[in-house]
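Engineer:
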């Protein structure tokens with residue numbers, strides 16, 4: 002099992018992340034703020050702007066806003 006690099010994201014930091022539909026066909030870029038910067042399983046928790054839902058995108062799909 003490979004080790005995940007430590008994240009450079011901080012709680013509250015603004016980020017842009019990519020989501021993919023369950024069918025894998027559609028992708029969308031969304032913005033939000035980091036809720037939990039843990040790198041557990043290569044994911045972080047991000048709360049989307051204007052929403053109540055917390056999403057958990059893979060780190061490779063997240064970049065600073």
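Numbering (my numbering), first residue to last: 2 to 66. Beta carbons are placed, not taken as given, at the ideal position from N, Cα and C, and that holds for glycine.
By a C-beta neighbour count over all protein chains shown, 10 Å radius and 16 as the cutoff for buried, is residue 52 buried or exposed?
Structural biologist: With fewer than 16 Cβ atoms within 10 Å of its Cβ, residue 52 is classed as exposed.
Engineer: Rounded to a whole number of angstroms, what is the C-alpha to C-alpha distance between residue 27 and residue 21?
Structural biologist: 6 angstroms
Engineer: Please state whether DSSP places residue 56 in a helix, a strand or coil.
Structural biologist: strand
Engineer: Look at the alpha carbon of residue 47 and the alpha carbon of residue 37, and state the distance between them as a whole number of angstroms.
Structural biologist: 7 angstroms
Engineer: Excluding sequence positions up to five away, which residues of its chain have a Cβ less than 6 angstroms from the Cβ of residue 63?
Structural biologist: Here the set comprises 16, 18.
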